[in-house]
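Trainee:
Chains as they are written, first to last, in the working numbering: chain A, 91 to 482; chain B, 355 to 538.
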């Protein structure tokens, strides 16, 4: 590495032209000796090159500022940022829920879960047993054979129209999202459910005439529940149920994960074990709280305060890990990228990582983790094998 | 100095904590332009810069109860919020090479803390030095910095290799930095 080489790389980095390999080289270089100072001086020189004394609309900006803070004060709107997206939840309820295969609300419905997810298609099994499949990447409108149901997929959002109102005891629809995909679904009451990859949701075509809005989930989903105090919204999962009192939340409960969790973004929800009833022992969650239950904990929940952003970033296509064990990260990568990862480097599984990725490139994610710890990996077909680092 | 003047930072901070509209007005008057210029030099995007600056003021307001500002560090506090907002929007790089990004942040905050007249002097120095760059080096440099072309676009436009572009750019930055060293 000559001095010219490294200067060339720093300059590229500053001009956002550096390749990942060059960034790795630079990262190693800057850790040595006085290099940090050299690097900073070059950054400062570049800053001066770019600096221009412009005039800005300060008065207009201040006016907008006053409007924004007044709005915030009057509505107490919670605003959080995810990249460029700004959410404002005034009345909706958002809930992130994750859970596994057996549903409390339909204990004998396990047979409904077959056939297993084995294609790249999103499948919707209608209440009459008919199965419709969709390519998640293109828009489509499909009419059921009976002609009574029209299902349309537009820009990744699925909605369903039934000619007649369903009877209260209508059978459920089963929506399956394959690994590597995600999908939004608008329910009949206007609630929106965003399903993460490898998740299944069971829901009725209509909530008309029932006293509770009940859905069942395996996997992970983000709920924006339409307010309706007369019809509580309930999400059932393997280990727990969540009753919504008007809210935004995320549930994660994959069968293969040892933890089921509910993260509340806005509103109010109650959490209970699967054998409890609504009138039973329900624990209330406040916004920015997470309830989690380990398998075999006998329905005990741990409730803690969290920053919700990492839990719901997947809804924006951002993969986020917050001090998570590599073994858990591997499970998530498998689901996200629909790939098999074999870890033969045992100690790595226990190491914890924090990171965020908004790019759907598995190689890049693995290389980034490699920059912090040593391991080797190889790819063959649809399987990635992680091994201890090769001795140099 | 009048203890009840907004030019007195302690008083200003006190009023900001109380949410005084007037105090925020003063804060805008004092720092908005400079903050926008500062972020624009980092992002290279005027719209994004205005947006980040606005979010920074709002964030300061939102956290006004918790404002814990040491003597004469209000400006640094505000600029730091803005820089962190910028980082959030580029989370990938932030997490990927945290060390490099935190060094960049130190470097930028260092710039913001320099005395205004010294800063002006350096700006002029840089401008003059750009004029003194060797012919071909200057052409490449201007295409990148003033026209905003990517290295690849420059190489195509001038029919030179990307490697040559890289070398010219590195050379230009080194020369400009060398001039500045006299001041640092």
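All C-beta atoms in this analysis are idealised placements derived from N, C-alpha and C, irrespective of residue type, glycine included.
From this set, 462(A), 470(A), 471(A) and 476(A), which residue's C-alpha is nearest residue 114(A)'s C-alpha?
Mentor: With distances taken between Cα atoms, residue 114(A) lies closest to 462(A).
Trainee: Can a CB atom of chain A be found closer than 8 Å to the CB of residue 457(B)?
Mentor: So, interface residue.
Trainee: Here's the rule: buried if 16 or more other CB atoms are within 10 angstroms of the residue's CB, otherwise exposed. What is residue 459(B)?
Mentor: Residue 459(B) should be labelled buried.
Trainee: Check for me: the alpha helix (DSSP H) holding residue 458(A) runs from which residue to which?
Mentor: Unbroken alpha helix (DSSP H) run through residue 458(A): 452-460.
Trainee: Check whether the Cβ atoms of residue 382(A) and residue 372(A) lie closer than 8 Å to each other.
Mentor: No, these two residues do not count as a Cβ contact at 8 Å.
Trainee: Determine which residues of the region 128-140 of chain A have a Cβ less than 8 Å from any Cβ of chain B, and write them out in chain order.
Mentor: Correct list: 129, 130, 131, 132, 133, 134, 135, 136, 137, 138, 139 and 140.
Trainee: In angstroms with no decimal places, state the Cα-to-Cα distance between residue 322(A) and residue 334(A).
Mentor: Roughly 6 Å between the two C-alpha positions.
Trainee: So the candidates are 102(A), 110(A) and 142(A); which of them puts its Cα closest to the Cα of residue 129(A)?
Mentor: For residue 129(A), the nearest C-alpha among the options comes from 102(A).
Trainee: Can you pull the chain B residues whose beta carbon is under 7 Å from the beta carbon of residue 158(A), in chain order?
Mentor: Those within 7 Å of residue 158(A) in chain B are 412.
Trainee: Just reading off the alpha helix (DSSP H) that residue 394(B) is part of, what are its end residues?
Mentor: Its alpha helix (DSSP H) spans residues 375-397.
Trainee: Given a limit of 9 Å on CB to CB distance, which residues of the region 486-507 of chain B reach chain A?
Mentor: Flagged, chain order: 495, 498, 499, 504, 505 and 506.
Trainee: Hey, quick one: how far does the beta strand (DSSP E) through residue 242(A) stretch, first residue to last?
Mentor: 239-244 is the span of the beta strand (DSSP E), which, as asked, contains residue 242(A).
Trainee: Using a Cβ-Cβ distance under 8 Å, would residue 117(A) count as near chain B?
Mentor: Output row for residue 117(A): interface = yes.
Trainee: By DSSP's criteria, residue 294(A) is part of a beta bridge. Which residues make up the other side?
Mentor: In the DSSP output, where bridge partners are listed per residue, residue 294(A) has 262(A).
Trainee: Mind pulling the chain B residues with CB within less than 7 Å of residue 97(A)?
Mentor: Those are 524 and 528, listed as they occur along chain B.
Trainee: What ranges does the beta strand (DSSP E) occupy inside the region 470-508 of chain B, keeping only unbroken runs of at least 3 residues that lie completely in it?
Mentor: Fully enclosed beta strand (DSSP E) runs of 3 or longer: not present.
Trainee: Check whether the region 400-407 of chain A and the region 435-443 of chain A touch, using three or more Cβ-Cβ pairs below 8 Å as the test.
Mentor: No: the two stretches stay apart, fewer than three of their Cβ pairs being nearer than 8 Å.
Trainee: If we count Cβ pairs, one from each stretch, closer than 8 Å, do we get three or more for the region 416-427 of chain A versus the region 260-279 of chain A?
Mentor: Contact between the region 416-427 of chain A and the region 260-279 of chain A is present, because at least three Cβ pairs lie under 8 Å.
Trainee: Here's the rule I'm using: 16 or more other beta-carbon atoms within 10 Å means buried, otherwise exposed. How should residue 121(A) be labelled?
Mentor: By the neighbour-count rule (16 or more Cβ atoms within 10 Å), residue 121(A) is not buried but exposed.
Trainee: So what does residue 374(A) bridge to, in DSSP terms?
Mentor: Paired residue(s): 360(A).
Trainee: Taking C-alpha atoms, which residue in 316(A), 249(A) and 309(A) lies nearest to residue 422(A)?
Mentor: Nearest of 316(A), 249(A) and 309(A) to residue 422(A), Cα basis: 309(A).
Trainee: At 9 Å on the CB atoms, spell out the chain A contacts of residue 382(B), in chain order.
Mentor: Those within 9 Å of residue 382(B) in chain A are 148, 149, 151, 152 and 155.
Trainee: Given that a residue counts as buried once 16 or more other Cβ atoms are within 10 Å of its Cβ, and exposed if not, what is residue 522(B)?
Mentor: Result: buried.
Trainee: Hey, is residue 434(B)'s beta-carbon within less than 8 Å of any beta-carbon in chain A?
Mentor: So, not an interface residue.
Trainee: Can you check whether the C-beta of residue 512(B) is within less than 8 Å of a C-beta belonging to chain A?
Mentor: It does not: the Cβ of residue 512(B) has no partner Cβ on chain A nearer than 8 Å.
Trainee: Using DSSP with H/G/I as helix, E/B as strand and the rest coil, what is residue 424(A)?
Mentor: Residue 424(A): helix per DSSP, three-state reduction.
Trainee: Using a beta-carbon distance below 8 Å, is residue 361(B) in contact with chain A?
Mentor: No, residue 361(B) lies away from the interface with chain A (no Cβ there is under 8 Å from its Cβ).
Trainee: Where do the ends of the beta strand (DSSP E) carrying residue 230(A) lie?
Mentor: From DSSP, the beta strand (DSSP E) with residue 230(A) extends over 230-233.
Trainee: With a threshold of 7 Å on Cβ separation, who are the neighbours of residue 125(A) within its own chain once the five nearest residues in sequence on each side are excluded?
Mentor: Answer for residue 125(A): 119, listed in chain order.
Trainee: Which residues in chain A sit within 7 Å of residue 401(B), going by Cβ to Cβ distance?
Mentor: Ordered by position in chain A, no residue passes the 7 Å Cβ test against residue 401(B), which lies about 11 Å from the chain.
Trainee: Which term fits residue 228(A), buried or exposed, when burial requires 16 or more other beta carbons within 10 angstroms of its beta carbon?
Mentor: The residue in question, residue 228(A), is exposed, as its Cβ has fewer than 16 Cβ neighbours within 10 Å.
Trainee: State yes or no: is the C-beta of residue 426(B) within less than 8 Å of the C-beta of residue 143(A)?
Mentor: The answer is no: Cβ separation not under 8 Å.
Trainee: With DSSP as the reference, label residue 512(B) as helix, strand or coil.
Mentor: Of the three classes helix, strand and coil, the one that applies to residue 512(B) here is helix, per DSSP.
Trainee: Three or more C-beta pairs under 8 Å: does that hold for the region 367-384 of chain B against the region 396-403 of chain B?
Mentor: Because the criterion of three Cβ pairs below 8 Å is not met, the region 367-384 of chain B and the region 396-403 of chain B do not touch.
Trainee: Who are the neighbours of residue 378(B) on chain A, taking C-beta pairs under 9 Å?
Mentor: Per Cβ cutoff of 9 Å: 152, 155, 156 and 159.
Trainee: Where residue 411(A) and residue 442(A) are concerned, what is the direct C-alpha to C-alpha distance, given to the nearest angstrom?
Mentor: Spanning the two alpha carbons is a distance of roughly 9 Å.
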